Amino acid sequence: MDIGIIGAGSIGLLLAAYLAKDHQVTCYVRREEQKHQIRRNGVVLHNSRHNPHKTFRVNAEKLEALGRHDFYMVCVKYPQLADVLQMLEEKADTQKPVLFIQNGMAHVDLISRMKRTVFVAVLDHGAKRRNDYTVIHTGKGSVQTGVIDRRGETLLQNKLKALHTVEFPWFYHDDPVKLLRRKLVVNAVINPLTALFDVQNGEILTNPYLYHLAKGLCEETCQVLELEFDQNWEYVQNVADRTKLNSSSMREDIRRGNPSEIETISGYIMNQDWGSQYTYTSFVYNGIMAKERSGRETFD
Numbered sequence: 005m006d007i008g009i010i011g012a013g014s015i016g017l018l019l020a021a022y023l024a025k026d027h028q029v030t031c032y033v034r035r036e037e038q039k040h041q042i043r044r045n046g047v048v049l050h051n052s053r054h055n056p057h058k059t060f061r062v063n064a065e066k067l068e069a070l071g072r073h074d075f076y077m078v079c080v081k082y083p084q085l086a087d088v089l090q091m092l093e094e095k096a097d098t099q100k101p102v103l104f105i106q107n108g109m110a111h112v113d114l115i116s117r118m119k120r121t122v123f124v125a126v127l128d129h130g131a132k133r134r135n136d137y138t139v140i141h142t143g144k145g146s147v148q149t150g151v152i153d154r155r156g157e158t159l160l161q162n163k164l165k166a167l168h169t170v171e172f173p174w175f176y177h178d179d180p181v182k183l184l185r186r187k188l189v190v191n192a193v194i195n196p197l198t199a200l201f202d203v204q205n206g207e208i209l210t211n212p213y214l215y216h217l218a219k220g221l222c223e224e225t226c227q228v229l230e231l232e233f234d235q236n237w238e239y240v241q242n243v244a245d246r247t248k249l250n251s252s253s254m255r256e257d258i259r260r261g262n263p264s265e266i267e268t269i270s271g272y273i274m275n276q277d278w279g280s281q282y283t284y285t286s287f288v289y290n291g292i293m294a295k296e297r298s299g300r301e302t303f304d
């Protein structure tokens, strides 16, 4: 397949590396420098600290040069999504499907309005971008996918047959809302706490005070989203353990003075009609907003 991957952060680079083995891949990026780095060096994949790296030849273009492909995968963060959607509407073949991989759930309403077949995905691999063209695969998982419109089921399942490998598995999930909500619980717990207290993911399991906050935040989120707590809390802990040495994307955004995805994660949860106070969610939401404001003043 000819695949266009929009966004070359840790997830975009990880997908590019694994998909380039069997498919023709083009990464679309915002910066000219990253385009040249990927063209010059390919995408370099490290499986672990002990294994030698592998290099995969991948094409790279600026987003404005978006071309025609058999399949598009969008890996940008929510704040950049509106610009990408406009570019897709203007330049991408409307007959070709688009897969969206974003944190939170605020993007679902946006992509549901698109006049094309759209898929959503949750990726629970651990990945860390070392530089513009190098990604470290820090935790092996899978890619779970679903359709927004049932009419796209057969098309998605055919795509998954071409994408799936033992090394990098892809699966179909028949309830995309449940799939996204499950990931939202993970994001709502791990991302803001690690960003607020500037710690790696695993710290929420080993620090008893953070563990208490994480459990309370998970329970509150599950109540709001009407999800079963025990199963989701176990999943949150598994993800935190599997990615214990990772630095969450929200933590990295705060460190760099970039806008975080707090609105599409904690903000989305607080916008639900629950009928009670958001004790834990309000705490992390206001804490991250305060750090963002402080960070903007520092970088300005």
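Under our numbering, think of the first position of the sequence shown as 5, with each following residue one higher.
No residue lacks a Cβ here, since even glycine has one placed at the ideal position from N, Cα and C.
What you are looking at is a predicted structure, and each value in this text was computed from that prediction instead of being measured.
Residues of its chain near residue i, where Cβ-Cβ distance is below 8 Å and the 5 sequence neighbours each way are ignored
i	result
PRO101	PHE75, TYR76, ARG120, THR121, VAL122, PHE123, GLY156, LEU159, LEU160, LYS163
GLN38	ALA12, ALA64, ASP136, TYR137
HIS54	With a pLDDT of only 49 at HIS54, under the threshold of 50, the placement of this residue in the model should not be trusted; the figure read from the coordinates follows. Within the same chain, HIS54 has no close Cβ partners at all.
TYR22	LEU49, THR169, GLU171, PHE172
Own chain residues within Cβ distance below 6 Å of residue i, not counting five before or after
i	result
SER116	ILE152
TYR284	GLY220, LEU221, GLU224
CYS79	GLY11, ILE15, GLY16, ILE105
TYR282	MET274
LYS95	LEU70
GLY150	VAL124, HIS177, PRO180, LEU183
LYS248	ASN205, GLY206
THR59	GLY46, VAL48
TRP174	VAL147, LEU164, LEU167, HIS168
LEU229	ARG185
VAL190	VAL240, VAL243
Residue i - containing beta strand (DSSP E), residue span
i	result
ASP4	Outside the displayed span of the chain (5 to 304) sits residue 4, for which this structure offers no information.
MET77	75-78
PHE104	102-104
LEU17	No beta strand (DSSP E) holds LEU17; the alpha helix (DSSP H) holding it covers 14-23.
LEU49	47-50
TYR176	174-176
Own chain, CB closer than 7 Å to residue i, minus 5 neighbours either side, in chain order
i	result
ASP128	GLY145, SER146, VAL243
TYR215	ILE208, LEU209
ARG133	GLY13, SER14, LEU17, VAL139
ARG186	ASN236, TYR239
Identity of the residues DSSP links to residue i by a beta bridge
i	result
ASN63	THR30
HIS141	ALA131
ALA125	THR149
LYS58	LEU49
Nearest-angstrom Cβ-Cβ length linking residue i and residue j, presumed shorter than 8 Å
i	j	result
CYS226	ASN211	The pair is not a contact, with the Cβ atoms about 22 Å apart (cut-off 8 Å).
ILE208	ALA192	Between ALA192 and ILE208 the Cβ distance is about 12 Å, and since that is not below 8 Å, they are no contact.
VAL48	ALA24	Going by Cβ atoms, the distance from VAL48 to ALA24 rounds to 11 Å, so no, they are not a contact pair.
GLN28	ILE7	7 Å
LEU85	TYR32	So it is not a contact: roughly 14 Å between Cβ atoms.
SER252	ASN195	5 Å
MET109	LEU188	6 Å
GLY291	LEU200	5 Å
Residue burial classification, residue i (beta-carbon count within 10 angstroms, cutoff 16)
i	result
ARG255	buried
THR98	exposed
SER298	exposed
GLN321	Lying before the first or after the last residue shown, residue 321 is absent from the chain, which here runs from 5 to 304.
ALA294	exposed
ALA131	buried
THR142	buried
ASN205	buried
GLY279	exposed
ASP257	buried
ASN107	buried
MET5	exposed
VAL288	buried
GLU265	buried
LEU213	According to the sequence as given, residue 213 is Tyr; it is not Leu. Classification for TYR213: exposed.
HIS111	buried
HIS57	exposed
GLU93	exposed
GLU232	exposed
GLU36	exposed
Span of the alpha helix (DSSP H) around residue i
i	result
THR149	Note, THR149: premise wrong, no alpha helix (DSSP H); beta strand (DSSP E) at 147-151.
VAL240	233-246
LEU184	180-201
TYR213	212-229
ASP136	First-last for ASP136: undefined, no H or E at that position.
VAL88	82-95
LEU311	Only positions 5 to 304 of the chain appear in the structure, and residue 311 is not among them; the question remains open.
VAL112	110-116
ASP277	Looking at the DSSP string, ASP277 is not in any alpha helix (DSSP H), and its letter there is neither H nor E.
SER253	253-260
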